Amino acid sequence: MLFMTEKNVDVALVQEPWLAKDRVRGLRTKEYTLLHSQTAGKKRACIVAKRSLKLTLLTQYSTNDLTVATCESQGNMKLLLASAYMPYDEAEPPPEAVQNLVLVARKQGRQLVIGCDANGHHIQWGSKDINERGESIMDFILTNNLTVCNRGNMPTFVNKVREKVIDLTLTTGEEGLIVEDWRVSLKRSISDHRRILFRINRAAPTSKPFRNPKRTNWEMFSELVEGYGNGGPEFQMSKYPSIEGIEALVNELEVALIKAFKKSCLVSRSRKATKPWWNGELRQLRTETRKLYNNAKRDKTKESWDIYKTSFNEFKYKIREAKWESFKEFSESLMDTSEAARFRKVLSKDPAIPSNIMKPDGSWTESNNETLELLMNTHFPGCGNIDYNDVRKDDFHRRGDLMTPAERETRAKMIVTEERVLWAVHSFDPYKSAGPDGILPIMLQKSLNSIIGMLRGMSCIRLHTEKMERGKGGVHN
1 MLFMTEKNVD VALVQEPWLA KDRVRGLRTK EYTLLHSQTA GKKRACIVAK
51 RSLKLTLLTQ YSTNDLTVAT CESQGNMKLL LASAYMPYDE AEPPPEAVQN
101 LVLVARKQGR QLVIGCDANG HHIQWGSKDI NERGESIMDF ILTNNLTVCN
151 RGNMPTFVNK VREKVIDLTL TTGEEGLIVE DWRVSLKRSI SDHRRILFRI
201 NRAAPTSKPF RNPKRTNWEM FSELVEGYGN GGPEFQMSKY PSIEGIEALV
251 NELEVALIKA FKKSCLVSRS RKATKPWWNG ELRQLRTETR KLYNNAKRDK
301 TKESWDIYKT SFNEFKYKIR EAKWESFKEF SESLMDTSEA ARFRKVLSKD
351 PAIPSNIMKP DGSWTESNNE TLELLMNTHF PGCGNIDYND VRKDDFHRRG
401 DLMTPAERET RAKMIVTEER VLWAVHSFDP YKSAGPDGIL PIMLQKSLNS
451 IIGMLRGMSC IRLHTEKMER GKGGVHN
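Here UniProt numbering is used: the first residue of the sequence shown is 1, the next is one more, and so on.
Given below as structure tokens:
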């Protein structure tokens with residue numbers, strides 16, 4: 001994970017991850033999400049991806065040896081990403097699940113990238129020989145018109161006994177899908193397998209600048225808003241006789257608040273995340289271990305490999321020790337009972353993995369939009385966008401009691417008091433997420449001295465106007 005963070009890797013197609021009690025460990029962070037099959041048993045394939053990419057696990061195609069996800073943040077590109085492990089003791093690779101996935105991708109016209117531990121030899125991808133497994137895999141590649149992205153003959157698997165090319169990157173070769181800069185990284189990994197790096201020539205979403213409301217200069221904000229809230233329930237209700245007039249007034253207030261917020265809250269940019277447990281000692285050990293690995297690879301003697309292994313094991317032990325000390329320090333810092341309770345709740349269950357769901361007909365959803373639409377139709381049958389022009393006016397507005405204008409104005413002021421407006425505004429958490437208008441509750445709370453009259457006035461006008469129009473038996477759009 002440190003390598004992915006340092007190199008800003010978007011997606012990792014992982015085979016044979018580290019397991020503890022059949023659960024994948026060490027591959028989930030704040031910036032990255034982990035995807036794998038939800039079936040019981042030993043997981044030998046998974047995908048690690050940036051959360052910003054919004055990958056969706058495709059459960060119907062995934063097994064313990066195959067993880068398939070769809071990437072919907074790549075514009076109109078229907079991209080499937082797959083991590084596959086092909087067991088070395090399997091008679092005729094590739095597995096049936098991989099074969100079915102390729103057929104589905106072809107049928108649906110979807111672009112597919114497969115990263116796999118093939119455990120097979122063939123000169124086509126740089127091996128020095130050809131074995132039966134390699135022939136079987138090559139026949140499958142030719143039959144399905146797949147593209148082998150491997151370049152050169154740099155070994156992808158290295159230990160003190162042998163060096164082999166057994167890891168493949170395959171694509172369906174669909175138009176618009178180009179794998180570039182494929183290479184084997186010589187940087188030592190905590191595995192006998194080397195990392196394989198490549199780029200897909202589609203621009204991934206970049207982190208956008210943002211504003212952190214908690215860093216706002218609220219004193220400046222209040223000064224900027226001051227002057228926009230002139231008036232109150234006393235200003236002329238006749239000036240805004242219609243719903244359109246009220247909407248225009250609300251829009252003016254929204255614009256004023258947003259402008260003041262942007263001027264008083266500077267734009268921030270996300271910083272590169274650092275590991276709290278990483279330190280100078282680990283950095284030095286990593287450098288020494290890399291040097292010993294290069295020496296062992298050059299000398300190819302048992303003694304040099306043993307020295308490297310000793311250093312490598314010490315490096316791994318120090319990492320585990322540093323992680324534990326960091327975790328213990330964090331746990332001891334949890335003085336607030338509610339915060340500790342929330343933390344315990346998070347640790348007590350496995351985190352949810354974004355996935356698709358099954359339709360009533362037995363098929364599966366293929367995208368986030370399709371999943372959301374199915375959930376809405378299931379829990380809110382008949383829901384949808386309403387065209388108010390199609391609504392029967394007599395059903396939409398019932399006739400109100402007849403009141404004089406003075407009575408309507410008095411009644412509105414009695415209902416909408418300053419105390420009730422204050423209570424309503426302060427009932428929200430200050431930093432509750434903003435709605436479509438972009439207004440945070442704290443923006444209203446910090447500017448109440450200037451706009452409380454306007455807020456009360458707009459509410460009174462709204463109530464006054466509705467009663468007036470209902471009293472006339474009229475309607476509004």
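The beta-carbon is built from N, C-alpha and C at its ideal position, and this holds for glycine as well. Because the structure is a prediction, the values reported are computed rather than measured.
Cβ-Cβ distance between residue i and residue j below 8 Å
i, j, result
"residue 98", "residue 112", "no"
"residue 51", "residue 31", "yes"
"residue 438", "residue 196", "no"
"residue 415", "residue 431", "no"
"residue 293", "residue 308", "yes"
"residue 16", "residue 117", "yes"
"residue 18", "residue 28", "no"
"residue 125", "residue 168", "yes"
"residue 2", "residue 275", "yes"
Interface flag, residue i vs chain B, CB-CB below 8 Å
i, result
"residue 279", "In the structure shown, chain B cannot be found, because there is only a single protein chain."
Close-in-space but distant-in-sequence residues of the same chain around residue i (CB under 7 Å, 5 per side omitted)
i, result
"residue 306", "none"
"residue 312", "289"
"residue 322", "277, 279, 282"
"residue 235", "Because the pLDDT at residue 235 is just 40, under 50, the model does not fix this residue reliably, and the point stays unresolved."
"residue 445", "425, 426, 430"
"residue 376", "383"
"residue 362", "none"
"residue 110", "78, 80"
Integer Cβ distance of residue i from residue j, believed to fall under 8 Å
i, j, result
"residue 130", "residue 123", "6 Å"
"residue 115", "residue 83", "6 Å"
"residue 81", "residue 13", "7 Å"
"residue 45", "residue 33", "Actually they do not touch by this definition, with Cβ atoms about 16 Å apart."
"residue 546", "residue 225", "Summary: the structure shown does not reach residue 546, with the chain confined to residues 1 through 477, and so no result is reported for it."
"residue 11", "residue 53", "7 Å"
"residue 147", "residue 106", "Not really, about 13 Å apart at Cβ, beyond 8 Å."
"residue 455", "residue 213", "Rounded, the Cβ-Cβ distance is 20 Å, inconsistent with contact."
"residue 67", "residue 367", "Not quite, the Cβ-Cβ distance comes to about 18 Å (not below 8 Å), so this is no contact."
Contacts around residue i, its chain only, beta-carbon distance under 6 Å, and the 5 residues preceding and following it disregarded
i, result
"residue 355", "57, 59"
"residue 472", "Its pLDDT being 43, under 50, residue 472 is placed unreliably by the model, and the measurement read from it follows with that caveat. No residues qualify anywhere along the chain."
"residue 144", "102"
"residue 85", "15, 44, 45, 65, 117"
"residue 104", "none"
"residue 153", "126"
"residue 333", "none"
Spatially closest choice to residue i from the options, by CA coordinates
i, options, result
"residue 222", "199, 256, 245, 249", "256"
"residue 270", "5, 165, 209, 177", "209"
"residue 199", "213, 184, 375", "184"
"residue 220", "453, 451, 447, 455", "447"
"residue 149", "139, 53, 182, 373", "182"
"residue 92", "139, 291, 35, 286", "139"
"residue 287", "440, 314, 364", "314"
"residue 43", "173, 62, 299", "62"
"residue 319", "190, 23, 422", "190"
"residue 40", "27, 22, 429", "22"
"residue 409", "459, 366, 363", "459"
"residue 78", "177, 2, 407", "177"
"residue 436", "246, 55, 254", "254"
"residue 301", "100, 153, 423, 162", "162"
"residue 449", "359, 421, 90, 365", "421"
"residue 371", "299, 358, 381", "358"
"residue 194", "218, 164, 179", "164"
"residue 285", "369, 380, 188", "188"
"residue 90", "132, 110, 152", "132"
Beta-carbon proximity list for residue i, same chain, < 8 Å, skipping 5 on both sides
i, result
"residue 211", "261, 262, 265, 266, 267, 268"
"residue 296", "160, 304, 305, 307, 308"
"residue 166", "117, 118, 119, 120, 121, 127, 156, 157"
"residue 215", "265, 266, 268"
heavy atom of the ligand FAD below 7 Å from residue i C-beta
i, result
"residue 283", "Only the bare structure without any ligand can be found here, which leaves the ligand FAD out of the picture."
Report the residue ranges of all alpha helix (DSSP H) runs contained in full by the UniProt domain "Endonuclease/exonuclease/phosphatase" (81-196); include only those spanning at least 4 residues, in chain order. The qualifying runs are 96-108, 132-143.
Uninterrupted alpha helix (DSSP H) stretches inside the region 246-304 (no shorter than 4 residues): DSSP runs (the alpha helix (DSSP H)) wholly in the region 246-304: 280-299.
Going residue by residue through the region 417-464, where are the continuous alpha helix (DSSP H) segments of at least 4 residues, counting only ones entirely within it? Entirely contained in the region 417-464, the alpha helix (DSSP H) runs reaching 4 residues are, in chain order, 418-426, 441-446.
In chain order, each beta strand (DSSP E) run of at least 3 residues that lies wholly inside the region 25-56: Counting only runs of 3 or more, we get 32-35, 45-50.
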